[in-house]
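Student: For the sequence shown, position 112 (counting from the first letter as 1) is numbered 115 according to our numbering, and the numbering increases by one without interruption.
Think of the CB as a built atom: it goes at the ideal place given N, C-alpha and C, for glycine as much as any other residue.
Computed from a prediction, not measured in an experiment: that's the story for all the values here.
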Amino acid sequence: MSARLILGKEVSDGIYSELRERIVALKSKGVTPGLAVVLVGEDPASQVYVRMKGKKCEELGMHSVTIILPEKTTQEELLKVVSDLNNDKSIHGFLVQLPLPKHIDEDTVINAIDPNKDADCFHPANVGKMLIGNPSFLPATPAGVQQMLIRSDVETSGKHVVILGRSNIVGKPMAAMMMQKGKGADSTITVVHSRTKDIPMITRQADILIVAIGKPLFVTKDMVKEGAVVIDVGTNRIEDPTAKNGSKLVGDVDFDNVKEIASAISPVPGGVGPMTICMLMANAVTAAERAVLLR
Ligand code: GUN
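See below:
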């Protein structure tokens with residue numbers, strides 16, 4: 004058996020066409036949804052993400068602002084930029100790209116973002132609202148995974164979802180979202196992490212396995228139940244002497260072998276990747292819609 008592929012490009016195309024309609028409706032009310040992205044320093048991966056976010060905004064006809072600050076920017080200077088964005092009426096949502104340079108405290112910066120403009124859903128007020136099942140926004144990567152499941156007709160109700168990884172960006176919010184009542188949720192959750200004893204024993208019980216552990220090819224075929232759905236959030240660059248640039252991108256799942264036993268699986272690249280930016284755009288549009296209602 005070879006698994007059905009769950010492709011973020013296809014799923015995000017569907018969401019983008021819905022977003023385009025919502026953007027047209029906003030513009031007819033005189034509002035262009037605006038998203039700002041703040042990058043401090045020169046981390047190459049962050050530079051790529053920030054460029055992609057700006058490009059997607061423009062493609063969708065949204066107002067896009069990218070603020071690039073030097074590595075030596077002080078925390079105070081960054082907090083002033085955050086405060087200006089909080090007060091900027093043309094910006095409905097924004098984010099500060101992580102990681103930040105070591106001399107800046109990430110929590111202090113996240114706490115300074117107006118929760119109504121928190122496009123990443125990283126502010127503790129928004130994390131709390133999500134946990135109690137009354138979300139203002141959803142964090143982009145877990146929301147993207149959930150949409151992949153919903154839009155690929157994967158039943159989640161009553162299923163055992165095993166999440167590998169407990170990060171604030173993916174694992175923890177993913178668990179919070181999948182245990183809620185409602186569509187794409189109603190699941191029984193187990194979270195597995197670096198201190199878990201006998202990880203394979205637990206992953207083999209998963210109907211749906213969501214992997215965000217940051218270790219290349221960590222999940223092997225013997226760790227997956229026959230017929231399970233496997234979503235791979237990992238992106239790792241590993242050496243590949245046969246590749247032109249000497250490296251290749253792989254997920255946290257040994258895709259070539261696991262696809263033989265799973266019923267559906269997301270590849271890397273081409274799986275979860277495109278969903279994060281898509282759900283970020285969705286948050287910005289949602290924020291703009293709310294701003295219109297409050298006028
Ligand atoms: N760094 C890696 N992923 C993310 C993300 O989703 N948002 C922000 N702000 N920084 C990140």
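Taking valine 164 and alanine 209 to be in contact with their CB atoms under 8 Å, please state how far apart those CB atoms are, rounded to whole angstroms.
Tutor: If you number the sequence shown from 1, residue 164 lands on position 161. If you number the sequence shown from 1, residue 209 lands on position 206. Between alanine 209 and valine 164 the Cβ distance is about 7 Å, and since that is below 8 Å, they are a contact.
Student: Just confirm the distance between the C-beta atoms of isoleucine 71 and leucine 101, as a whole number of angstroms; I'd bet it's less than 8 Å.
Tutor: On the sequence shown, position 68 is the one that residue 71 refers to. On the sequence shown, position 98 is the one that residue 101 refers to. Rounded, the Cβ-Cβ distance is 15 Å, inconsistent with contact.
Student: Can you find the residues in the same chain that come closer than 7 Å, C-beta to C-beta, to cysteine 281, ignoring five residues on each side of it along the sequence?
Tutor: Counting from 1 along the sequence shown, the entry for residue 281 is found at position 278. These residues qualify, in order along the chain: Ser15, Ile18, Tyr19, Gly147.
Student: On the criterion of 16 or more Cβ atoms from any shown chain inside 10 Å, does alanine 48 qualify as buried, or is it exposed?
Tutor: Counting from one through the sequence shown, the residue named residue 48 turns up at place 45. So alanine 48 ends up on the exposed side.
Student: In the DSSP assignment, find the beta strand (DSSP E) that holds threonine 69 and state where it starts and stops.
Tutor: To locate residue 69, count along the sequence shown from 1; it is residue 66. Here the beta strand (DSSP E) through threonine 69 covers 66-72.
Student: Using a Cβ-Cβ cutoff of less than 8 Å, which residues in the same chain neighbour alanine 290 once the five nearest sequence positions on both sides are dropped?
Tutor: As a working note, residue 290 is residue 287 in the sequence shown. If we look at alanine 290 and ignore the five residues flanking it on each side, its Cβ neighbours are Pro36, His95, Gly96, Asn119, Lys120, Ala122, Phe140.
Student: Please say whether glycine 44 and glycine 274 have beta carbons closer to each other than 8 Å?
Tutor: Taking the sequence shown and counting its residues from 1, one reaches residue 274 at position 271. Taking the sequence shown and counting its residues from 1, one reaches residue 44 at position 41. In this structure, glycine 44 does not lie closer than 8 Å to glycine 274 by Cβ.
Student: Give me the pocket residues for the ligand GUN, defined as CB within less than 5 Å of any heavy atom, sorted by chain position.
Tutor: In chain order, the qualifying residues are Leu98, Gln100, Leu101, Asp123.
Student: Can you list, in chain order, the residues of its chain whose CB lies under 6 Å from that of isoleucine 216, leaving out five sequence neighbours each side?
Tutor: Within the sequence shown, numbered from 1, the residue matching residue 216 stands at position 213. If we look at isoleucine 216 and ignore the five residues flanking it on each side, its Cβ neighbours are Leu167, Gly168, Asp255.
Student: Going by C-alpha to C-alpha distance, which of Glu13, Ala6, Met204, Val84 sits closest to isoleucine 153?
Tutor: The count along the sequence shown starts at 1 and reaches residue 153 at position 150. Out of Glu13, Ala6, Met204, Val84, Glu13 has the C-alpha closest to the C-alpha of isoleucine 153.
Student: Comparing alpha-carbon positions, which option in Leu88, Gly174, Met284 lies nearest serine 197?
Tutor: Residue mapping note: residue 197 aligns to position 194 of the sequence shown, counting from 1. Checked all of Leu88, Gly174, Met284; the closest Cα to serine 197 is Gly174.
Student: Going by DSSP, which residues form a beta bridge with histidine 163?
Tutor: As a position in the sequence shown, residue 163 is number 160, starting the count at 1. In the DSSP output, where bridge partners are listed per residue, histidine 163 has Thr191.
Student: Between which two residues does the beta strand (DSSP E) holding valine 253 run?
Tutor: As a position in the sequence shown, residue 253 is number 250, starting the count at 1. That run of the beta strand (DSSP E) goes 250-253.
Student: Excluding the 5 residues preceding and the 5 following serine 93 in the sequence, name in chain order all residues of the same chain whose CB lies nearer than 7 Å to its CB.
Tutor: Stepping through the sequence shown from its first residue, residue 93 is reached at position 90. Counting only Cβ-Cβ distances below 7 Å, and skipping sequence neighbours, we find Gly37, His66.
Student: Considering Cα atoms alone, identify which of Leu81, Ser86, Asp91 is closest to aspartate 108.
Tutor: Residue 108 sits at position 105 when you count from the first residue of the sequence shown. Measuring from the Cα of aspartate 108, the nearest candidate turns out to be Leu81.
Student: Which full runs of the beta strand (DSSP E) of 3+ residues lie inside the region 120-185, going along the chain?
Tutor: Listed in chain order, they are 163-167.
Student: Classify asparagine 171: buried if its beta carbon has 16 or more other beta carbons within 10 angstroms, exposed otherwise.
Tutor: To locate residue 171, count along the sequence shown from 1; it is residue 168. So asparagine 171 counts as exposed.
Student: Roughly how many angstroms separate the alpha carbons of lysine 75 and leucine 103, rounded to a whole number?
Tutor: For the purposes of this step, residue 75 is taken as residue 72 along the sequence shown, with counting starting at 1. For the purposes of this step, residue 103 is taken as residue 100 along the sequence shown, with counting starting at 1. Rounded to whole angstroms, lysine 75 to leucine 103 spans 11 Å at the Cα level.
Student: How about proline 219 and asparagine 239: do their beta carbons lie closer than 8 Å?
Tutor: On the sequence shown, residue 219 is found 216 positions in, with the first residue counted as 1. On the sequence shown, residue 239 is found 236 positions in, with the first residue counted as 1. In this structure, asparagine 239 lies closer than 8 Å to proline 219 by Cβ.
Student: Hey, how far is the Cα of lysine 32 from the Cα of arginine 23?
Tutor: The residue labelled residue 32 in the question sits at position 29 within the sequence shown. The residue labelled residue 23 in the question sits at position 20 within the sequence shown. Distance between the alpha carbons of lysine 32 and arginine 23 is about 14 Å.
Student: Do isoleucine 9 and serine 269 come within 8 Å of each other at the CB atom, strictly closer than that value?
Tutor: The count along the sequence shown starts at 1 and reaches residue 269 at position 266. The count along the sequence shown starts at 1 and reaches residue 9 at position 6. Against a cut-off of 8 Å, the Cβ pair of isoleucine 9 and serine 269 comes out as a contact.
Student: Please report the Cβ distance between isoleucine 211 and threonine 159, rounded to the nearest whole angstrom; I am assuming they are in contact, meaning their Cβ atoms lie under 8 Å.
Tutor: Numbered from 1 along the sequence shown, position 208 holds the residue referred to as residue 211. Numbered from 1 along the sequence shown, position 156 holds the residue referred to as residue 159. The pair is a contact, with the Cβ atoms about 7 Å apart (cut-off 8 Å).
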